[in-house]
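Residue numbers for the sequence shown follow the working numbering, so the first one is 52 and each next one is one higher. Think of the CB as a built atom: it goes at the ideal place given N, C-alpha and C, for glycine as much as any other residue.
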Amino acid sequence: MVSECMKDMPITGIRGVGPRKAGLLKEIGIETMADLYDFFPRNYLDRRTVKNIGTLVEGEQATVVGKVRSVVRQGGRYAKARLKVELFDKTGALEIVWFRGVSYFFNAFRQGDAFCVSGKVGYFGQRPQMQHPEFERLDLEGGESPHNGILPVYSSSESLKSSGLGPRGMRGVIKQAFSDIPPQFNENLSEGIISQHDLLPINKAYRMIHFPSSPEMLDRALYRFKWSELFFAQLFFALRRAAIRADRSAVRFQRSGNFTAALYGMLPYSMTEAQKNAVREIYRDLKSGIRMNRLLQGDVGSGKTLVAMFAMTLAADNGLQSAFMAPTEILAFQHYMVMQKFAEPLGLQVGFLAGRQQKKERREVLEDLQTGHLNILVGTHAVIEEAVRFDNLGLAVIDEQHRFGVMQRKALLDKAENPHILLMTATPIPRTLSMGVFGDLDVTIIDQLPGGRKNVITRCCRESDKSEVFDFLRSEIARGRQAYIVYPLVEESEKMDLKAAKESFCQLRETLQGVRMGLIHGQMSSREKEQVMESFRFGKLDLLVGTTVIEVGVDVPNATLMVIEHAERFGLAQLHQLRGRVGRGEHQSYCFLVHTKLGTDASERLSAMENIGDGFKLSEIDAALRGVGNVLGKEQSGMVSGLKIADIVKDYDIMRSARNAAFEIVDRDPQLQDHRNEMIREYYIKHYHGKHTLADIG
């Protein structure tokens, strides 16, 4: 990587970069020579493979050279502005369109100027079109060749472009920097790694990423930076896993006894193969003597709670207690009821702890827990309060773990010395992302639904068809079923014409007279929300109207209809989780996605929902549409968001290669003490060590 001395060297040492340009470059984070060399191109313009406009094919990425015939600015004060530029060569004409930055682009093009343009080809009627392409003005009269290599394209701003620091200007600055101040780069990988994986040396990689001599060398430079970035991310996981496994003080679950056998014998149905496999993997961990650090992923309704129950009965067989923590009181109580149903015939004692319990009940639970009378404690974050003391905690289960803060998860684990950890989530993470996000965890996936469970029939409906949806809702309620209607906002937005749950609730009472309905939304207190949810769960309400605060995991088997209003405003993950509130019983269930006007992305999301029931497949589509960070959220995407050039979905094969190398090194040299790993150790300590000290708790 760039040497330390470059980090203290200002860019004003480059010829042509004075205080004014330096001030402008500071706006985009470039102050030192190191910043400049690490400012990689966002794209490339390959002028070696120029096509004739008349040969363009829809859907291809292409580069053309032509002259400007016309520049037309449309819209303005009240209509959305757009710019259309017509470019022509001897074989035809191409329309170029901009919807953003119209003022800048209007001034960039003049009739008769020659341009090299690169982008994705679409067709508008019979005419080829590119939207927001990369472009470069050519001086053909001055002898500039349109075929002179691969040009880097750097991110910029309108103020930079208007000051001569657009793509061409940035290229000039970086080229001058390489010429004026010989760059110094420090290798961060060993010779063995570079040779074994055929990686470019760091000096050459930097030169080729800024000024590639060929497409092949550009690919190799990109591969080198992606590989090393992913290698150090995976090295972080490898070292952390090694540290966890080196601590063998976790209690070994010696045997499967009467409780486990009795639980298996009392099941009224057969477990799925995925559930059985999950139980086997968890048992193997618990019996190993090495602290378990496992994530159990399963789609909505896949039976994760039963798998967790088997882990907790194994703990009881070995004289150990278990803690089960859920993010809300509704979910925690629901889990408590399920576990009580299984535990009572086995003679196991299950306690419940939440914020609004009576003092006497709470005191009894705490006493039974401390004396060892309780085998399992289920609760909300109340289980991590200081007054909660276990007699012999051996297993900590955290449901929907991403909804707890790091310190909350740590507080539960601090209730004992190295308890085994089982994290659970009903939010499917694409298999291609798991390695990059949970690299230090063992991941178990339950990818089957219990037998007899019917797929939820999902249909898209226009707003104008909603009377038919309401007719169907009435018929379901008449058959004794229950339903949900979900809205995306709590109050009317001034910017978007969306229905709000509060206003619509009043309208629904007029439309659906005789239907017992309740309202739940984010502005209600926890107690108010819990009271409404309990009324719905116990059949006192036919219809629950709410926003997305309808909890993940809420299990009402009699609910068979989910109506999602303005479905185009929800992400795929939200839509799938909401759909998962129905289809949990023996009756056929339905989900109606009511929408208004659909854009391209929204249309793809709703089409995927109609045709796909697998949450893992949907999450992969979601990642492709919205990006990894948006799918994972801030906390889960911590390591991913630190990647500057690699993409753990697109570069999955590179990540797998880098991961294998990182884990092989740590297997041989857990402390990176071997002299051959000296550069790796130094770089890791400087850039990664200590950044995620609490990350081993999920």
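* To do: Classify Phe-403 as helix, strand or coil using the three-state DSSP reduction.
  => Taking the sequence shown and counting its residues from 1, the one referred to as residue 403 is at position 352. Per DSSP, reduced to three states, the secondary structure at Phe-403 is strand.
* May I ask which residues mark the beginning and end of the alpha helix (DSSP H) holding Ala-610? => Here residue 610 is taken as the residue at index 559 of the sequence shown, counted from 1. Under the DSSP assignment, Ala-610 falls outside any alpha helix (DSSP H), being part of the beta strand (DSSP E) whose first and last residues are 610-615.
* DSSP three-state call for Ser-54: helix, strand or coil? -> Stepping through the sequence shown from its first residue, residue 54 is reached at position 3. Coil.
* To do: Just tell me which of Phe-288, His-183, Lys-392, Ile-253 has its CA closest to the CA of Ser-485.
  => Locating residue 485 in the sequence shown gives position 434, where the first residue counts as 1. Checking every option, the nearest Cα to that of Ser-485 belongs to Phe-288.
* Would you grab the beta carbon distance between Ile-571 and Gly-597 for me? Rounded to a whole angstrom, and I think it's under 8 Å. => As a first step, residue 571 is located in the sequence shown; it is residue number 520 there, counting from the start. As a first step, residue 597 is located in the sequence shown; it is residue number 546 there, counting from the start. Beta-carbon to beta-carbon, Ile-571 and Gly-597 are separated by about 4 Å, close enough to satisfy the 8 Å threshold.
* Asked: From this set, Pro-252, Lys-355, Thr-364, Gly-423, which residue's C-alpha is nearest Pro-396's C-alpha?
  -> Translated into the one-based positions of the sequence shown, residue 396 becomes position 345. Out of Pro-252, Lys-355, Thr-364, Gly-423, Thr-364 has the C-alpha closest to the C-alpha of Pro-396.
* Test item: CB-CB of Met-575 and Leu-595 under 9 Å -> Counted from its first residue, the sequence shown places residue 575 at position 524. Counted from its first residue, the sequence shown places residue 595 at position 544. No; because the gap between Cβ atoms is not below 9 Å, this pair is not in contact.
* Looking at the structure shown, is Gly-430 part of a helix, part of a strand, or coil, going by DSSP? -> Taking the first residue of the sequence shown as 1, we reach residue 430 at position 379. If DSSP states are grouped into helix, strand and coil, Gly-430 belongs with the strands.
* **Three-state class that DSSP yields for Thr-476 in the structure shown** => Locating residue 476 in the sequence shown gives position 425, counting from the first residue. Three-state result, Thr-476: strand.
* Asked: Distance, Cα to Cα, Leu-563 vs Phe-521?
  -> Translated into the one-based positions of the sequence shown, residue 563 becomes position 512. Translated into the one-based positions of the sequence shown, residue 521 becomes position 470. Cα to Cα, Leu-563 sits roughly 8 Å from Phe-521.
* Through-space distance from Glu-671 to Val-401, alpha-carbon basis -> Position 350 of the sequence shown, counted from the first residue, corresponds to residue 401. Position 620 of the sequence shown, counted from the first residue, corresponds to residue 671. Straight across, the Cα-Cα distance linking Val-401 with Glu-671 is about 38 Å.
* Among Pro-470, Leu-474, Arg-440, which residue has its Cα nearest to the Cα of Arg-454? -> Within the sequence shown, the letter at position 403 stands for residue 454. That would be Leu-474, whose Cα lies nearest to the Cα of Arg-454.
* Residue from Met-390, Thr-83, Gly-215, Gly-664 whose Cα sits closest to the Cα of Leu-357 -> In the sequence shown, residue 357 corresponds to position 306, counting from 1. The closest CA to that of Leu-357, considering only Met-390, Thr-83, Gly-215, Gly-664, is found on Met-390.
* Under 6 Å Cβ to Cβ from Leu-107, same chain only, skipping five residues before and after it: list those, please. => As a first step, residue 107 is located in the sequence shown; it is residue number 56 there, counting from the start. The beta carbon of Leu-107 lies closer than 6 Å to those of Ala-113, Val-172, Pro-179 in the same chain, with the five residues before and after it left out.
* To do: Could you tell me whether the segment 376-385 touches the segment 494-513, where touching means 3 or more Cβ pairs closer than 8 Å?
  => No, because fewer than three Cβ pairs between the segment 376-385 and the segment 494-513 fall closer than 8 Å, the two stretches do not touch.
* If Arg-578 sits next to Arg-413, beta carbons under 8 Å apart, how far is it from one beta carbon to the other, in whole angstroms? -> Indexing the sequence shown from 1 puts residue 578 at position 527. Indexing the sequence shown from 1 puts residue 413 at position 362. Taking a contact as a CB-CB distance under 8 Å, the pair Arg-578 and Arg-413 does not count as one, their CB atoms being some 16 Å apart.
* **Length at least 3, wholly inside the segment 285-350: the beta strand (DSSP E) runs in chain order** => Correct list: 344-349.
* **Residue from Ala-383, Val-645, Phe-523 whose Cα sits closest to the Cα of Cys-511** => Looking up residue 511 in the sequence shown gives position 460. When Ala-383, Val-645, Phe-523 are compared, the shortest CA-CA separation from Cys-511 is found for Val-645.
* Boundaries (first-last residue) of the beta strand (DSSP E) holding Asp-97 -> Position 46 of the sequence shown holds residue 97. Looking at the DSSP string, the run of the beta strand (DSSP E) that includes Asp-97 is 94-97.
* Asked: Counting pairs of Cβ atoms below 8 Å between the segment 347-354 and the segment 513-531, do you hit three or more?
  -> Contact fails: fewer than three Cβ-Cβ distances are below 8 Å.
* To do: Using DSSP bridges, identify the partner residues of Phe-139.
  => On the sequence shown, residue 139 is found 88 positions in, with the first residue counted as 1. The beta-bridge partner set that DSSP reports for Phe-139 consists of Lys-118, Ala-144.
* Asked: For Gln-533 versus Phe-587, is the C-beta distance shorter than 9 Å?
  -> Taking the sequence shown and counting its residues from 1, one reaches residue 533 at position 482. Taking the sequence shown and counting its residues from 1, one reaches residue 587 at position 536. For the pair Gln-533 and Phe-587, the CB atoms are nearer than the 9 Å cut-off.
* To do: Look at the alpha carbon of Leu-549 and the alpha carbon of Ala-618, and state the distance between them as a whole number of angstroms.
  => For the purposes of this step, residue 549 is taken as residue 498 along the sequence shown, with counting starting at 1. For the purposes of this step, residue 618 is taken as residue 567 along the sequence shown, with counting starting at 1. Here the model assigns Leu-549 a pLDDT of 42, short of 50, so the residue's position is not dependable and the matter cannot be decided.
* In terms of residues, what are the limits of the alpha helix (DSSP H) holding Gly-703? -> Along the sequence shown, read from residue 1 onward, the residue named residue 703 stands at position 652. The question names Gly, but residue 703 is Tyr in the sequence shown. For Tyr-703, the uninterrupted alpha helix (DSSP H) run begins and ends at 703-719, by DSSP.
* **In DSSP terms, what Pro-203 is bridged to** => Taking the first residue of the sequence shown as position 1, residue 203 is located at position 152. Looking at the DSSP assignment, Pro-203 forms a beta bridge with Tyr-95.
* Report yes or no: do the segment 136-145 and the segment 81-97 share at least 3 C-beta pairs separated by less than 8 Å? => Fewer than three beta-carbon pairs drawn from the segment 136-145 and the segment 81-97 are found closer than 8 Å, and the two stretches are therefore not classed as touching.
* **Rounded separation between Arg-71 and Thr-83 - CA only** => Taking the first residue of the sequence shown as 1, we reach residue 71 at position 20. Taking the first residue of the sequence shown as 1, we reach residue 83 at position 32. Distance between the alpha carbons of Arg-71 and Thr-83: 15 Å.
* Beta-carbon proximity list for Arg-120, same chain, < 6 Å, skipping 5 on both sides -> As a first step, residue 120 must be located in the sequence shown, where it is residue number 69. Glu-137, Phe-139.
* Does the Cβ-Cβ distance between Leu-87 and Leu-75 come in under 9 Å? -> The count along the sequence shown starts at 1 and reaches residue 87 at position 36. The count along the sequence shown starts at 1 and reaches residue 75 at position 24. Going by C-beta atoms, Leu-87 is not nearer than 9 Å to Leu-75.
* Option nearest Glu-527 by Cα separation, candidates Arg-133, His-638, Leu-240 -> By one-based count along the sequence shown, residue 527 stands at place 476. When each option's Cα is compared against that of Glu-527, the closest is His-638.
* Asked: Taking just the CA atoms, how far does Ala-438 sit from Gln-409?
  -> On the sequence shown, residue 409 is found 358 positions in, with the first residue counted as 1. On the sequence shown, residue 438 is found 387 positions in, with the first residue counted as 1. In this model, Gln-409 and Ala-438 are separated by some 15 Å (Cα to Cα).
* Asked: Between the Cα of Gly-664 and the Cα atoms of Gly-152, Gly-352, Val-68, Glu-185, which residue gives the shortest distance?
  -> Numbered from 1 along the sequence shown, position 613 holds the residue referred to as residue 664. Comparing Cα-Cα distances from Gly-664 to each of Gly-152, Gly-352, Val-68, Glu-185, the minimum goes to Gly-352.
* With contact counted as at least three CB pairs below 8 Å, one residue from each stretch, are the segment 276-284 and the segment 697-717 in contact? -> Contact between the segment 276-284 and the segment 697-717 is present, because at least three Cβ pairs lie under 8 Å.
* Which of the three DSSP states, helix, strand or coil, is assigned to Lys-685? -> In the sequence shown, residue 685 corresponds to position 634, counting from 1. Confidence at Lys-685 is low in this model, with a pLDDT of 49, below 50, so the placement of that residue is unreliable and no value is reported for it.
* To do: Pick helix, strand or coil for Arg-635, following the three-state DSSP scheme.
  => The residue given as residue 635 occupies position 584 in the sequence shown. Here Arg-635 sits in coil by DSSP.
* Asked: Quick one: Cα of Ile-705 to Cα of Gly-126, how far?
  -> Here the question's residue 705 lines up with position 654 in the sequence shown. Here the question's residue 126 lines up with position 75 in the sequence shown. Straight-line Cα distance between these residues: approximately 46 Å.
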